[in-house]
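Protein chains in written order, with the UniProt record's numbering: chain A, 1 to 568; chain B, 1 to 568. The C-beta atom is built at its ideal place from N, Cα and C for all residues, glycine as well. Here the structure is a predicted model, which is why all the values come from computation and not from measurement.
There are 2 protein chains.
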Amino acid sequence: MEKRILLYLLICWSLASNLEKSMAAKTRHYNFEVGYIYWSPDCEERMMIGINGRFPGPTIRAKAGDTIVVKLKNSLPTEGVVIHWHGIKQLGTPWADGTASISQCAINPDETFVYRFQVDKAGTYFYHGHYGMQRAAGLYGSLIVDAPDGEEPFRYDAEHSLLLSDWWHESVQAQTLGLSSIPFRWVGEPQTILINGRGQYNCSLAHFTGETSLCKITNSQCAPVVLRVLPNKTYRLRIASTTSLSSLNLAIGNHKMTVVEADGNYVKPVIVDDIDIYSGESYSVLITTDQNTSSNYWLSIGIRGRLPKTQPALAIINYHPNSLSKLPSSKPPVTPQWNEYSHSKAFTYKIVAMDGTPMPPAKSNRQIALLNTQNKIDGYIKWSINNISLAVPPTPYLGSMKYGLKNVFSAEKPPENFSEDYDVMRPPINPNSKKGSGVYKLEFNSTIDFILQNTNTLSENVSEIHPWHLHGHNFWVLGYGDGKFKKSDVAEFNLKNPPLKNTVVLFPYGWTAIRFVTNNPGVWPFHCHIEPHLHMGMGIVLAEGVEFVSKIPNEALACGITGQKLRN
Amino acid sequence: MEKRILLYLLICWSLASNLEKSMAAKTRHYNFEVGYIYWSPDCEERMMIGINGRFPGPTIRAKAGDTIVVKLKNSLPTEGVVIHWHGIKQLGTPWADGTASISQCAINPDETFVYRFQVDKAGTYFYHGHYGMQRAAGLYGSLIVDAPDGEEPFRYDAEHSLLLSDWWHESVQAQTLGLSSIPFRWVGEPQTILINGRGQYNCSLAHFTGETSLCKITNSQCAPVVLRVLPNKTYRLRIASTTSLSSLNLAIGNHKMTVVEADGNYVKPVIVDDIDIYSGESYSVLITTDQNTSSNYWLSIGIRGRLPKTQPALAIINYHPNSLSKLPSSKPPVTPQWNEYSHSKAFTYKIVAMDGTPMPPAKSNRQIALLNTQNKIDGYIKWSINNISLAVPPTPYLGSMKYGLKNVFSAEKPPENFSEDYDVMRPPINPNSKKGSGVYKLEFNSTIDFILQNTNTLSENVSEIHPWHLHGHNFWVLGYGDGKFKKSDVAEFNLKNPPLKNTVVLFPYGWTAIRFVTNNPGVWPFHCHIEPHLHMGMGIVLAEGVEFVSKIPNEALACGITGQKLRN
């Protein structure tokens with residue numbers, strides 16, 4: 001009991017401390033109406049999910065300590081909807097995390113749900129749908145939290161934001177159906193990479209073949225992105241990726257970049273020619289506009305990790321006083337070959353924490369290994385973790401755990417390890433897996449290590465990239481390695497300056513180790529951020545300190561068994 | 001209070017009488033799993049909503065007095081679903097009527113709802129989605145109720161069923177969005193008319209140009225429908241239309257038809273060359289296979305009421321022992337010109353009740369006129385009734401009325417009439433309308449007349465067909481007329497042998513009068529059965545005897561304000 005009292009005190013202190021901050025903080029109100037719209041994100045018109053009639057959704061901008069209130073009205077005709085605030089911890093408000101079946105019931109058509117949460121930490125974030133594959137339908141936008149005045153540990157004169165995504169011409173309904181069909185139907189590579197929701201299908205090629213004019217684009221919905229800069233200034237570029245599938249690389253002609261932030265955490269400044277960014281990640285880089293001012297420059301975004309059939313996306317760095325439409329004199333930078341993994345690893349390994357970043361506990365209380373495999377269940381292709389493919393129940397975990405309801409999800413404890421003789425370099429010998437909805441119950445305020453272990457897929461000589469995203473937390477990235485994780489690898493963990501992240505890449509045939517402290521009462525998914533992979537079961541559900549969760553708003557509990565049992 | 005006690009007794013007697021019947025009756029169990037499927041209903045593959053992996057849904061077949069139990073699992077990824085059992089009165093089970101926002105909450109993804117209801121009256125029925133435009137996505141099937149042995153008032157040797165529908169290649173999501181866009185985007189005429197879910201796009205033309213072979217169809221999903229018959233027998237054809245838009249005409253080469261049933265009610269047998277059938281209607285016709293047995297014969301289905309851009313649908317009447325694929329020696333019958341309304345009216349006016357059909361009360365207690373207009377609201381095109389375009393609330397009426405919840409729907413009493421000087425022959429002078437959710441509250445066990453009045457649409461010289469469908473009831477069709485209804489028309493009402501129907505056509509520029517008794521406690525929509533018209537607001541909501549509704553199952557109340565207030 002003593003421990004429990006201590007925990008209560010801790011939470012009270014944390015809330016009080018937030019309250020203190022919030023004396024100066026603002027509450028920022030937004031009205032979001034989610035509905036289908038016609039839009040031409042790459043100059044080809046399709047149906048998308050928009051917010052307030054536009055795509056992408058409005059940018060939310062706040063200061064650390066502010067409270068965000070989003071009144072979300074669902075105007076989709078027959079679909080539910082939720083929005084996840086990616087990278088926001090939701091300390092004290094786990095029901096506002098915006099994950100259907102986990103933190104809340106999907107909001108029914110014509111109904112309104114109010115998301116209210118504090119943004120306690122400066123950084124580059126975004127928000128997106130977290131139900132079915134609605135993110136891939138266009139349900140996303142930027143969420144940027146400024147540091148308190150004078151508290152940013154680097155200097156810059158101005159900033160630009162780049163929210164990156166990928167886009168298919170096939171409807172999300174058809175994409176989704178294809179994933180759960182026999183035979184499996186894969187939508188293929190994206191038609192277009194979008195920057196701030198804008199791309200040019202069948203048109204960016206012109207840039208590369210040395211044509212001297214941009215495509216004729218009269219539709220502002222797909223106009224090329226132009227970043228206006230003044231000479232001899234320092235710019236912060238906030239780059240976030242909400243791609244459904246694609247891993248990306250970004251490079252700027254003639255300009256080096258200094259990486260200073262990753263997923264809302266400051267990192268030790270590192271100068272690079274290009275950056276890799278995986279779905280779910282965000283970075284801030286600084287660039288100095290010290291190049292020949294008579295020219296504009298290209299910013300290129302290419303695809304990593306999959307044989308690209310998609311043209312790189314381009315934006316223009318427009319030096320004042322050049323014309324916006326003046327084509328750069330040099331060709332767009334060519335991003336690395338898709339399968340040059342050594343390049344990717346070199347970049348990823350370079351990202352370490354800025355001095356002064358909180359250090360991880362020296363030891364973990366529990367180590368959980370997560371084997372990432374591609375499997376089959378009744379002939380359907382699935383992804384599994386320790387041979388369980390996540391199938392979330394219709395009643396959200398948070399409410400059912402808080403109120404101790406039975407039979408909502410599997411009571412079976414999910415496995416914490418896998419067979420020692422599993423050959424990660426070969427397709428699974430027995431590809432059969434099973435669906436599951438069990439929860440990893442974690443002791444509150446304990447230190448957990450996850451070892452993500454990649455494997456060969458169902459096809460010979462294929463292992464895919466998986467960017468894993470943890471809700472409700474930042475974690476320390478303790479290390480990466482090739483092949484199978486060995487116990488002795490623990491000795492090599494970076495406990496000196498491991499970067500804090502909320503999303504981390506798992507390289508093909510490799511492993512990634514993370515550590516975090518279970519200090520945020522709630523139920524939190526940890527999953528591959530590739531939308532079709534999650535939809536095919538690639539994730540797990542964690543619960544910690546659910547007994548400390550305060551009263552969940554009724555509106556988050558309206559469905560399923562919580563809906564039946566918990567009213568008034 | 002005396003009246004109330006009498007009503008209770010009436011209901012108890014009715015239930016007891018049903019119970020007696022049900023001693024001999026069966027309970028028939030069905031499991032329906034609703035989900036997206038790939039299907040090729042007209043030989044072009046698209047996504048559809050299927051049941052148990054197939055399209056159309058399974059045929060439900062029962063005997064009058066049986067109880068049907070359908071366990072419906074929603075396996076759509078993000079959409080709710082309901083199913084309406086079209087033509088079934090749902091006496092004592094108004095929550096099983098399957099209308100989202102009216103009788104129940106939509107069933108959430110991964111959840112199961114059990115429909116349990118009695119089919120008390122023999123007839124040709126069907127079922128279909130009643131949420132958004134899911135019917136048009138393929139969510140429908142046949143529901144056939146046989147008369148008790150020996151109680152059918154006509155003789156036949158065997159029967160065939162024809163469930164008719166129309167089909168578009170554009171997704172229902174896109175069709176729906178187009179209806180609520182500025183500018184309005186109309187999907188256009190259907191690509192294909194389907195018979196039992198099968199049609200041949202870009203192929204039926206071959207039949208008409210005198211080609212000597214059918215298209216090569218190897219896919220059973222779109223194989224032409226063949227009705228096998230033996231010579232010199234009498235066949236009952238059960239014909240039902242669940243089209244989204246199209247009014248149809250059906251004719252059979254060399255064979256006359258005797259109409260014997262309409263919407264589950266026996267009619268005075270009438271011999272015709274072709275029948276008109278509107279969305280929501282069903283007919284049974286008898287044919288005698290007394291023609292030259294060396295040939296097969298065509299059955300043709302053409303479009304009425306709209307300039308058709310869709311090939312007629314064809315089926316083959318296959319006389320034994322001819323080959324199934326033997327082409328008829330004569331050309332398919334040509335259905336009447338689309339705008340030959342005199343032909344349609346002549347057919348419709350001929351349908352009267354069989355002798356012995358219950359007669360309507362001689363007078364009504366209340367007459368409500370319903371002006372059908374096309375309007376604009378904030379620039380969006382809508383349909384309105386007495387200048388109100390129906391916009392149903394997220395909380396279903398049935399539960400909120402039963403439990404007296406406030407602020408669920410508009411408390412405003414909807415108008416019972418319209419301006420006497422409204423010119424039905426011209427576009428509206430003021431096209432502006434407003435949305436509404438008010439309810440027509442009808443005294444229990446009273447006699448109500450509705451006068452449906454058609455008008456000119458927003459375009460000069462256009463008035464459209466509207467087949468109006470009433471839930472929970474059969475009604476007597478007292479009369480039809482051209483132009484504006486006059487008080488003196490009441491004197492011409494057919495009180496001698498008015499047909500009982502659940503769906504009735506409103507002809508362009510005309511009026512239709514119906515009468516019914518409010519003897520079924522519940523909340524019932526009365527609406528145009530054209531899917532886009534209903535979606536654009538063309539309907540009203542009636543309530544009667546809601547105080548006599550017994551306990552509504554919790555599962556029907558899980559959403560909205562009932563969800564918040566009514567649990568345990």
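If I measure Cβ to Cβ from residue i and keep anything under 6 Å in the same chain, skipping five residues before and after, which residues do I get?
i         : result
Ser-284/B : Thr-124, Arg-236, Arg-238, Val-260 and Glu-261
Gly-280/A : Pro-467, His-469, Thr-503 and His-529
Val-477/B : Pro-498, Pro-499, Lys-501, Val-504 and Ile-514
Ser-213/B : At Ser-213/B the pLDDT is 48, less than 50, meaning the model places this residue with poor confidence and gives no usable figure here.
Name the one or two DSSP bridge partners that residue i has.
i         : result
Tyr-480/B : Thr-512/B
Lys-63/A  : Asp-146/A
Glu-261/A : Tyr-266/A and Ser-284/A
Leu-227/B : Ile-317/B
Gln-118/B : Thr-67/B
Glu-33/B  : Lys-73/B
Glu-460/A : In the DSSP output, where bridge partners are listed per residue, Glu-460/A has none listed.
Asn-249/A : Asp-276/A and Gly-302/A
Using a Cβ-Cβ distance under 8 Å, would residue i count as near chain A?
i             : result
Ala-240/B     : no
residue 614/B : Residue 614/B is absent from the structure shown; chain B starts at 1 and stops at 568.
Pro-553/B     : no
Pro-77/B      : yes
residue 578/B : No statement about residue 578/B is possible, as the shown extent of chain B runs from 1 to 568 and does not include it.
Gln-564/B     : yes
Leu-177/B     : yes
Tyr-480/B     : no
Gly-80/B      : yes
Suppose the cutoff is 7 Å on Cβ atoms and the five residues either side in sequence are ignored; what does the same chain contact list for residue i look like?
i         : result
Trp-167/A : Pro-41, Asp-42, Pro-190, Gln-191, Thr-192, Leu-194 and Gly-199
Val-81/B  : Val-34, Asn-74, Ala-106, Ile-107, Gly-129, Tyr-131 and Gln-134
Ser-419/A : none
Val-225/A : Ile-195, Asn-196, Arg-198 and Ala-315
Asn-232/B : Thr-289 and Asp-290
Check the Cβ-Cβ distances between residue i and every residue of chain B, and say whether any is below 8 Å.
i         : result
Pro-396/A : no
Ala-556/A : no
Glu-45/A  : no
Ser-40/A  : no
Cys-559/A : yes
Ser-171/A : yes
Thr-99/A  : no
Leu-72/A  : no
Gln-367/A : no
Ser-181/A : yes
Gly-210/A : The predicted position of Gly-210/A is uncertain, since its pLDDT is 45 and thus under 50; a value taken from the coordinates is nonetheless stated next. Not an interface residue.
Tyr-140/A : no
Tyr-36/A  : yes
On the premise that residue j lies in contact with residue i, defined as a C-beta separation below 8 Å, what is that separation, rounded to the nearest angstrom?
i         : j         : result
Thr-242/B : His-84/B  : Going by Cβ atoms, the distance from Thr-242/B to His-84/B rounds to 10 Å, so no, they are not a contact pair.
Ser-344/A : Asp-276/A : 5 Å
Ile-112/B : Glu-79/A  : The residue asked about is misnamed: residue 112/B is Thr in this sequence, not Ile. Contact doesn't hold; Cβ gap of about 19 Å is too wide.
Who are the near neighbours of residue i in its chain, counting only those whose CB is closer than 8 Å to its CB and skipping five residues on each side?
i         : result
Lys-376/B : Lys-382, Pro-431, Asn-432, Ser-433 and Leu-458
Gly-53/A  : Glu-33, Gly-35 and Ile-37
Arg-228/A : Asn-318, His-320 and Leu-324
**OP:** Would you check if there are 3 or more beta carbon pairs closer than 8 Å linking the stretch 512-519 of chain A to the stretch 95-106 of chain A?
**Re:** no
**OP:** Please determine if the stretch 182-196 of chain B and the stretch 21-35 of chain B are in contact, where contact requires at least 3 C-beta pairs separated by less than 8 Å.
**Re:** no
Original post:
If we count Cβ pairs, one from each stretch, closer than 8 Å, do we get three or more for the stretch 533-546 of chain B versus the stretch 433-445 of chain B?
Top reply: yes
Original post:
Can we say the stretch 392-410 of chain A touches the stretch 350-364 of chain A, given the rule of at least three CB pairs closer than 8 Å?
Top reply: no
Original post:
Is the stretch 290-310 of chain B touching the stretch 244-258 of chain B in the sense that three or more CB pairs, one from each, lie closer than 8 Å?
Top reply: yes
**OP:** Give a yes or no on contact between the stretch 308-318 of chain A and the stretch 531-539 of chain A, applying the rule of three or more CB pairs nearer than 8 Å.
**Re:** no
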